[in-house]
Every structure is written in C-alpha cells, then in structure tokens.
Amino acid sequence: MKKIQFNYVHILIFSFVLIGLMQANGLWAQSATILGVVQDETDAVLPGVSVTATSLETNRTRTAITDDQGVYQVPQLPSGTYEVQAELAGFSTGVRPSISLTMDSRAVVNF
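If you read the sequence shown in the working numbering, its first letter stands for residue -13, the second for the next number, and so on.
Written as structure tokens, this is what we have:
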C-alpha cells in the first residue's frame, strides 16, 4: 500500500514540473512579433532608435533598439492591437497606430 502512494506522489511531482516547464518555454502561449527597419528621409538606416510597441488593450509596453542595420524586432507579443513609436534624439517621433496582431503573426512596421 505504501508503494502505491509513493508512485502517486512521483506522478504528481512530475506533472507539476512538466506544467512549469511548458509555461516557462511558452509552449502554451501563442505570440506574435513586430519587426522592421528604421530609416531617415534619405533612406539611410538609423541604429540606436528606440522602438516601443504599446498594447491598446492593456497599455503594456515592450521596447527594442535598432541594430547597426536599423533593424528591430519586438517578439513574443500577445495578440491584439498595438501602437508602435520610433524615437531618436534629433529626429521627429514616428508613430504607427492600430497594428493588429493575431496568433503567430509577424507584422512588418517600417519607419
């Protein structure tokens, strides 16, 4: 009888560990990505630009910085509608309102 209880405890512990790993790895989460390139009016790429995606439903923000090629990526966003802003000192702020994301989508938002 004690052996059966011991096995149930192991199964229960294993189940909790498995659920924790699945949540940590995002196996249950469905997410989307906003990505793009930031350029100036002469089409030169702009590194170091702060690009912020703001959820219009929750007001939560995620920020990325453009790399040396002016490329940015904001991954693992929940589905929803976002406003995306690009900011760099000495330049006017670019805004792209109402970017809709669905599960596993990739929205290209260039500035």
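C-beta: ideal position from N, C-alpha, C; glycine also. Remember, predicted model here, so these are calculated numbers, not experimental data.
Nearest residue (CA-CA) to residue i, options the options
i: residue 42; options: 68, 30, 63; result: 68
i: residue 79; options: 44, 87, 37, 65; result: 37
i: residue 66; options: 29, 56, 89; result: 89
i: residue 55; options: 45, 30, 44; result: 30
Identified DSSP bridge partners for residue i
i: residue 71; result: 38, 81
i: residue 63; result: 18
i: residue 25; result: 31
Collapsed DSSP secondary structure at residue i in the structure displayed
i: residue 94; result: strand
i: residue 48; result: strand
Nonlocal neighbours in the same chain, by C-beta distance under 8 angstroms from residue i, ignoring five residues either side
i: residue 26; result: 32, 77
Same chain, Cβ closer than 7 angstroms to residue i, five either side skipped, listed in chain order
i: residue 91; result: 18
i: residue 95; result: 20, 22, 70, 82, 85
Close Cβ partners of residue i (< 6 angstroms) along its chain, the five nearest in sequence each way excluded
i: residue 35; result: 24, 52, 72, 74
i: residue 39; result: 20, 48, 60, 68, 70
i: residue 97; result: 24, 72, 80
The ligand ADP heavy atom lying under 6 angstroms from the CB of residue i
i: residue 71; result: With respect to the ligand ADP, the structure offers nothing, as it holds no ligand at all.
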